[in-house]
Amino acid sequence: MEDPDIYRINMFLKSEIRKEALSDKKIAIFTEDAEARILLTEIFNCLAEDCEKFARIQHYFHLVDINLGSENLRDLFKDRFLSKTTLKSICILDGDKTDNNKGLDARVLSLPEEGSPEQVVFKHLVNMSDDPTLTGDFWEQHQVEMEGYSYTWLQNEELISKANTLLV
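Structure, rendered in structure tokens:
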């Protein structure tokens, strides 16, 4: 057996095929905080809408509900014993924690953009207010209207000025 790990050995001993062995398995995805998990969930949902193949595998991903700093996550994923004895997992860091040592561990990724997920969303909100072409039909979407959101609401709540202060 080439590259034996606990799952291959288990499949061999139980005479299972990969599909049976993985039927109830999930790929754990670690993020720094709830905001990153929310953003990642939205990214996954958009991907699933546009890509049928991704939609078929999306249920295999489990976003671990734990808050750990980027350094803690890096240390966790550097541990050789842990990576060989537990289910393979992925670590996704905030964009402001981009790994400068790319290629050392393909399981540690960064969200796009520079900054935390909140900063990325606030930056996009400010850009949307500066350039209405970026919004497309966003404000006309049924779900947005049903929740009571509108461009007028955005202006009345002074969210753009609040977002600008957070980006400084």
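All residue numbers for the sequence shown refer to the UniProt record's numbering, where the first residue is 1 and numbers rise by one.
The beta carbon of each residue, even a glycine, is placed where N, CA and C say it ideally should be.
| Asked | Found |
| --- | --- |
| Alpha carbon of Asp-96 to alpha carbon of Glu-42, nearest angstrom | 19 Å |
| Simplified DSSP state of Gly-103, which is helix, strand or coil | Confidence at Gly-103 is low in this model, with a pLDDT of 47, below 50, so the placement of that residue should be treated as unreliable; the coordinate-derived value is given next. Coil. |
| Candidates Leu-47, Ile-29 and Glu-2: closest to Val-108 by CA position | Ile-29 |
| Boundaries (first-last residue) of the beta strand (DSSP E) holding Gly-30 | Checking the sequence shown, residue 30 turns out to be Phe, not Gly. It spans 27-31 - the beta strand (DSSP E) in which Phe-30 sits, taken as one unbroken run. |
| Which listed residue (Val-120, Glu-2 and Lys-162) has its alpha carbon closest to that of Ala-36 | Val-120 |
| From Glu-52, Ile-92, Asn-127 and Arg-74, residue whose alpha carbon lies closest to that of His-62 | Ile-92 |
| Range covered by the alpha helix (DSSP H) that runs through Val-121 | 117-130 |
| Continuous beta strand (DSSP E) assignments of at least 3 residues falling wholly in the segment 61-90 | 61-63 |
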